[in-house]
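A.B. asks:
Number of protein chains: 2
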Amino acid sequence: MEIRQLNENYKKYIDQEIEINGWVKNNRNSGNVGFIDFSDGTSFKGVQLVYTKDLDDFEKISKLRVGSALNIKGIVNESVGGKQDFEVNVSSVNLEGDCPEDYPIQPKRHTREFLRENAYLRPRTNLFNAVFRVRSLAAHAVHEYFQTNGFIYFNAPIITASDCEGAGEMFQVTTLDLERVAKSGKVDYSRDFFGKPAGLTVSGQLEAETYAMAFSKVYTFGPTFRAENSNTTSHLAEFWMIEPEMAFCDLEQDMDIMEGMLKYVIQYVLDHAKDEMNFLDSFVEKGLIEKLTKLVNSEFVRIDHEEVINILQKADVKWQFEPKQGEDIAKEHEKYITEYFNGPVFIKNWPKDIKAFYMKQNPDGKTVGAVDLEVPGVGELMGGSQREENYDKLVNRMKELNMDPDSMDWYLNLRKYGTCTHSGFGMGFERLVMYLTGVENIRDVIPYYRTPGNCDY
Amino acid sequence: MEIRQLNENYKKYIDQEIEINGWVKNNRNSGNVGFIDFSDGTSFKGVQLVYTKDLDDFEKISKLRVGSALNIKGIVNESVGGKQDFEVNVSSVNLEGDCPEDYPIQPKRHTREFLRENAYLRPRTNLFNAVFRVRSLAAHAVHEYFQTNGFIYFNAPIITASDCEGAGEMFQVTTLDLERVAKSGKVDYSRDFFGKPAGLTVSGQLEAETYAMAFSKVYTFGPTFRAENSNTTSHLAEFWMIEPEMAFCDLEQDMDIMEGMLKYVIQYVLDHAKDEMNFLDSFVEKGLIEKLTKLVNSEFVRIDHEEVINILQKADVKWQFEPKQGEDIAKEHEKYITEYFNGPVFIKNWPKDIKAFYMKQNPDGKTVGAVDLEVPGVGELMGGSQREENYDKLVNRMKELNMDPDSMDWYLNLRKYGTCTHSGFGMGFERLVMYLTGVENIRDVIPYYRTPGNCDY
Chain A
251 MEIRQLNENY KKYIDQEIEI NGWVKNNRNS GNVGFIDFSD GTSFKGVQLV
301 YTKDLDDFEK ISKLRVGSAL NIKGIVNESV GGKQDFEVNV SSVNLEGDCP
351 EDYPIQPKRH TREFLRENAY LRPRTNLFNA VFRVRSLAAH AVHEYFQTNG
401 FIYFNAPIIT ASDCEGAGEM FQVTTLDLER VAKSGKVDYS RDFFGKPAGL
451 TVSGQLEAET YAMAFSKVYT FGPTFRAENS NTTSHLAEFW MIEPEMAFCD
501 LEQDMDIMEG MLKYVIQYVL DHAKDEMNFL DSFVEKGLIE KLTKLVNSEF
551 VRIDHEEVIN ILQKADVKWQ FEPKQGEDIA KEHEKYITEY FNGPVFIKNW
601 PKDIKAFYMK QNPDGKTVGA VDLEVPGVGE LMGGSQREEN YDKLVNRMKE
651 LNMDPDSMDW YLNLRKYGTC THSGFGMGFE RLVMYLTGVE NIRDVIPYYR
701 TPGNCDY
Chain X
251 MEIRQLNENY KKYIDQEIEI NGWVKNNRNS GNVGFIDFSD GTSFKGVQLV
301 YTKDLDDFEK ISKLRVGSAL NIKGIVNESV GGKQDFEVNV SSVNLEGDCP
351 EDYPIQPKRH TREFLRENAY LRPRTNLFNA VFRVRSLAAH AVHEYFQTNG
401 FIYFNAPIIT ASDCEGAGEM FQVTTLDLER VAKSGKVDYS RDFFGKPAGL
451 TVSGQLEAET YAMAFSKVYT FGPTFRAENS NTTSHLAEFW MIEPEMAFCD
501 LEQDMDIMEG MLKYVIQYVL DHAKDEMNFL DSFVEKGLIE KLTKLVNSEF
551 VRIDHEEVIN ILQKADVKWQ FEPKQGEDIA KEHEKYITEY FNGPVFIKNW
601 PKDIKAFYMK QNPDGKTVGA VDLEVPGVGE LMGGSQREEN YDKLVNRMKE
651 LNMDPDSMDW YLNLRKYGTC THSGFGMGFE RLVMYLTGVE NIRDVIPYYR
701 TPGNCDY
């Protein structure tokens, strides 16, 4: 049986012999009786195995090393006064896979850097067991939220010939033999797999819009890529993103969904990962559970960018970057404004010139219907906008930005063929997992991170 | 409100005024009364709008074109003798987005080829509305099955420096400027993003194994890539794959999970997409629902490859490819064997030389613990194996195949640090959607397909 099942229903098995598999996390003995911390990873909590001198192979068992894989038979007993509710009195042990003395994961504190260098072993530690279990539950909660609310899961293409943000930070995808390109002295795309240059998607939004105009409500959840040369604790070259897109939906309704989804996912994790969250609260971020519970119960403030700048300018603070109307806000401003309102803040109606071409142009001619969600302690967690639904306005904006409308005729045609008010947003999944777990380096919330110079496994 | 909600609970709204948004699918009138087939895509079934001469703008409404986006107010009425249970008597219409006469999606039969060329509009048709709703539900069912059974969702890396199958059909990922490579006459990987060659994953299995050795049960569900120059109806360069991996799990238990998952997903779709499945049964594959129901209720046969060859050799059939012991089986053999057993067949214990290096070497020295699931009408739907857990055997096999063990030390180390019996399998998600919907071309079950020469949107 799985240890998960035993932990959930141990009372059912008291005095019975059970069979479990797993790995030794720790093994210590006092000469007459020994204890093994034993886990198969199916639940955060393991099981305590007790073995005594009565066993013929007591000596052999007492020498079992950390990391070894065992098949165990034993009797379940209620624990008296221990840290755990029950323990398993071992009747037989089969060593399935040994583990050498120099096994890197020992029952002691390892630095995050050391574990990052041994990324394939780190899920065997308590910390990463908790983090990646939370990640898995959060992913499922995202699907549950959208599926229950009538959204269609849409798989945006990963390899693409279009570039959503109009920016150039795309990885190129090719089957050309680069050595041959170098030798021949020319790049012949007619020999490339797609017959033209192609790259990895930076966002599935534009494609998601095409499906929103058929199903009304869709969401993506897939990998996205930025070939950005940033070595920070919050950037990855490969990350997972959730991008919902809704027809007949304005900016206010967009914010309703952003808020509803975030609260649902957080509550789901609090409900389904109690042991993990208690561990993270104790060892990673003190007050984590309180922080998350508070967010679920708060009402998110909704305020215009212009008003935010007014508040910042009136604040009695010496800013590193002076807040200005019509300009972006800095990290220090984000921090101030969430503290000012003591909770999450939707900042909406941003200056047009610092936002993307597809955003809804407001009647004032200066702002667009964009929104960022700022959350205490983490800053921007999601960004969205109402999309410009007017064909002419969209084409004009593209021309102003020196974009070529012809290359995006399919996107523009959505505004010809039954256009409507529509909105959407994007959330970086790893940022969410950082917020949920308190882990401060984004490299520690994705199994195998890709950053400049790093592509192991 | 959404039409989904109205369809689910129309009785609640009889005689009440409701407000709905959506698109005109058809509009016809007899001079005094008109009918609009109206849909917002939130359910497969739309709503019938009825408008009469009593309305001041009857003439205007009667000219509303197919594809236009409308906001409607109207009274819900029980239908008398119509095809639908209820209809909406229009009290007011607001044209939100017009649609031109030459809109490509008209209420008539379009060929699949035409719709493939207009891939961004095809979800607006009944066929693709059904297909992509089934796809979304099937994806959710996959997550539900694994999450309910204690599996951890594991995101395998997409960009990778390792090549699972040892084959060479990988897309390369680079930030090198190819024009500059051509001009300079050399490839300098120290200037590439990762400082070395990198490509798109062909399988997340090896990485999933590292997490199975921590959590016991994990699954991937993500995009995978093959730069294979195949222009067939069953190959894509970019497709989604599900790859579960289980510790303390042998080949028999592996098959239990393969069978359990498949039945769960099929039953889920039958339960949650009744309208869609009825449509597909009527217009795409006659007998589809019966076929799927039969599979859910069947017990899958489990038989050795050797025995399969015996059956094929005894068959009174003139084969195109003669079945031989120790060799692969062809399409015609797959077809025969599922007909022979009149149901799904697990073919297990395959000749070692035609299977991958990581598969469990059987004591006979000739076969490995591999398994393929053959399904009537579709052929191979999943493939899996027990993995070789013995370090020395695995290294020797790699050397036999001229693979470099040093380049995969992390994978091999799993066999040093508490190795155990473990197994896994892979299922191409698009193949499953084809099977579920009866659609015969794989390009028609993924929103934007990538094949040699095709990378639109």
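Chains A and X, in that order, are what the protein sequence lines are. Following my numbering, the numbering of the first sequence begins with 251 at its first residue and continues without gaps. Following my numbering, the numbering of the second sequence begins with 251 at its first residue and continues without gaps. Using N, Cα and C, we set each Cβ at its ideal position, and we do this for glycine too.
Taking only runs of the beta strand (DSSP E) that begin and end inside the region 304-376 of chain X, which ones reach a length of at least 3 residues, in chain order?
C.D. replies: The qualifying runs are 319-328 and 336-347.
A.B. asks: Can you give the beta carbon distance from X/V326 to X/V338, rounded, assuming they're within the 8 Å contact cut?
C.D. replies: So it is a contact: roughly 6 Å between Cβ atoms.
A.B. asks: Please classify A/G296: is it buried, with 16 or more other beta-carbons within 10 angstroms of its beta-carbon, or exposed?
C.D. replies: That one is buried.
A.B. asks: Buried or exposed: A/L651, going by 16 or more other Cβ atoms within 10 Å of its Cβ?
C.D. replies: Label assigned to A/L651: exposed.
A.B. asks: Leaving out five residues on either side along the sequence, give the residues of the same chain with a beta carbon under 6 Å from the beta carbon of X/T470.
C.D. replies: F404, A406, G454, A458 and E493, listed in sequence order.
A.B. asks: Am I right that X/S466 and A/T292 are in contact with their C-beta atoms under 8 Å? What's the rounded C-beta distance?
C.D. replies: With a Cβ gap of about 5 Å, X/S466 and A/T292 count as contacting.
A.B. asks: Would you check if the region 483-493 of chain A and the region 379-394 of chain X touch, i.e. whether three or more CB-CB distances between them fall below 8 Å?
C.D. replies: Result no; under three Cβ-Cβ pairs closer than 8 Å.
A.B. asks: What is the DSSP secondary structure of X/L256, reduced to helix, strand or coil?
C.D. replies: Helix.
A.B. asks: Give me the residue from X/K310, X/D265, X/M609 and X/D287 with the minimum Cα distance to X/Q356.
C.D. replies: Comparing Cα positions, the closest option is X/D287.
A.B. asks: Give me, in chain order, the residues of the same chain whose beta-carbon lies closer than 6 Å to that of A/E495; leave out the 5 immediate sequence neighbours on both sides.
C.D. replies: Around A/E495: A458, E459, A462, V468 and G674.
A.B. asks: Whole-angstrom Cβ separation of A/V621 and A/M511, contact assumed at under 8 Å?
C.D. replies: Their Cβ separation, rounded to whole angstroms, is 14 Å, which puts A/V621 and A/M511 out of contact at 8 Å.
A.B. asks: Measuring CB atoms only, is the region 303-321 of chain A touching the region 343-362 of chain A, in the sense that at least three cross pairs come out at less than 8 Å?
C.D. replies: As far as the Cβ criterion goes, the region 303-321 of chain A touches the region 343-362 of chain A, which means the pair count is three or higher.
A.B. asks: Throw me the rounded Cβ distance for the A/V423 and A/L450 pair, which I believe falls under 8 Å.
C.D. replies: About 6 Å; that satisfies the 8 Å criterion.
A.B. asks: Taking 7 Å as the line, does the beta carbon of X/E509 fall inside it for any heavy atom of the ligand MG?
C.D. replies: The ligand MG is not part of this structure, which contains no ligands at all.
A.B. asks: From the beta carbon of X/E269, is the nearest beta carbon of chain A less than 8 Å away?
C.D. replies: No, X/E269 does not count as interfacial toward chain A.
A.B. asks: With distances taken between CB atoms, is the gap from A/K433 to A/Y439 smaller than 8 Å?
C.D. replies: Their beta carbons are not under 8 Å apart, which means A/K433 does not touch A/Y439 by this criterion.
A.B. asks: What's the call for A/Q563, buried or exposed, on a 16-neighbour Cβ count within 10 Å?
C.D. replies: Flag for A/Q563 reads exposed.
A.B. asks: To the nearest angstrom, how far is the alpha carbon of X/V515 from that of X/G678?
C.D. replies: C-alpha separation (whole angstroms): 14 Å.
A.B. asks: Would you say X/C705 lies against chain A (beta-carbon separation less than 8 Å)?
C.D. replies: Taking Cβ atoms only, chain A reaches closer than 8 Å to X/C705, which makes this a yes.
A.B. asks: Can you pull the chain A neighbours of X/R383, defined as C-beta to C-beta under 7 Å?
C.D. replies: Under the 7 Å cutoff, chain A gives I402.
A.B. asks: Going by other Cβ atoms of all chains shown within 10 Å of its Cβ, with 16 needed for buried, is X/K598 buried or exposed?
C.D. replies: Per the 10 Å Cβ criterion, buried.
A.B. asks: With H, G and I counted as helix, E and B as strand and the rest as coil, what does DSSP make of A/D566?
C.D. replies: The answer is coil: DSSP assigns A/D566 none of H, G, I, E or B.
A.B. asks: Check each candidate in X/A389, X/H672 and X/I579 and name the one with the smallest Cα separation from X/E556.
C.D. replies: When only C-alpha atoms are compared, the closest one is X/I579.
A.B. asks: Quick one: what does DSSP say A/G615 is sitting in, helix, strand or coil?
C.D. replies: A/G615 falls in the coil class under three-state DSSP.
A.B. asks: Between A/F308, A/I264 and A/K524, which lies nearest to A/N279 when the distance is taken from Cα to Cα?
C.D. replies: With distances taken between Cα atoms, A/N279 lies closest to A/F308.
A.B. asks: Would you give the residue range spanned by the beta strand (DSSP E) that X/E639 belongs to?
C.D. replies: Counting along the chain, X/E639 falls outside any beta strand (DSSP E), and DSSP gives it neither H nor E.
A.B. asks: I'd like to know whether the C-beta of X/K436 is nearer than 8 Å to at least one C-beta of chain A.
C.D. replies: With 8 Å as the cut-off, X/K436 counts as an interface residue toward chain A.
A.B. asks: Please name the residue in X/R700, X/N646 and X/Y590 whose C-alpha comes closest to that of X/Q611.
C.D. replies: When only C-alpha atoms are compared, the closest one is X/N646.
A.B. asks: Check the Cβ-Cβ distances between X/G291 and every residue of chain A, and say whether any is below 8 Å.
C.D. replies: Closer than 8 Å to some Cβ of chain A, the Cβ of X/G291 qualifies, so yes.
A.B. asks: Helix, strand or coil, according to DSSP, for X/H555 in the structure here?
C.D. replies: Three-state result, X/H555: helix.
A.B. asks: Can the beta-carbon of X/I270 be found less than 8 Å from the beta-carbon of X/I322?
C.D. replies: Contact flag set, yes.
A.B. asks: Interface residues of chain C around X/W660 at Cβ under 9 Å?
C.D. replies: The structure shown contains no chain C; its protein chains are A and X.
A.B. asks: How would you list, in chain order, the residues of chain X whose beta-carbon sits under 9 Å from the beta-carbon of A/E346?
C.D. replies: By Cβ distance, chain X contributes F498, E639, G668, T669, C670 and T671.
A.B. asks: If the cut is a Cβ gap below 7 Å, which residues of chain A does X/A464 touch?
C.D. replies: The contacting residues are G291, P373, R374 and N379.
A.B. asks: Please list, in chain order, the chain A residues whose beta carbon lies closer than 7 Å to that of X/Y608.
C.D. replies: The premise fails here: X/Y608 is roughly 15 Å from chain A at the closest Cβ pair, so nothing lies under 7 Å.
A.B. asks: Taking C-alpha atoms, which residue in X/G633, X/N277, X/T425 and X/R359 lies nearest to A/A477?
C.D. replies: Selected option, being the one with the closest Cα: X/T425.
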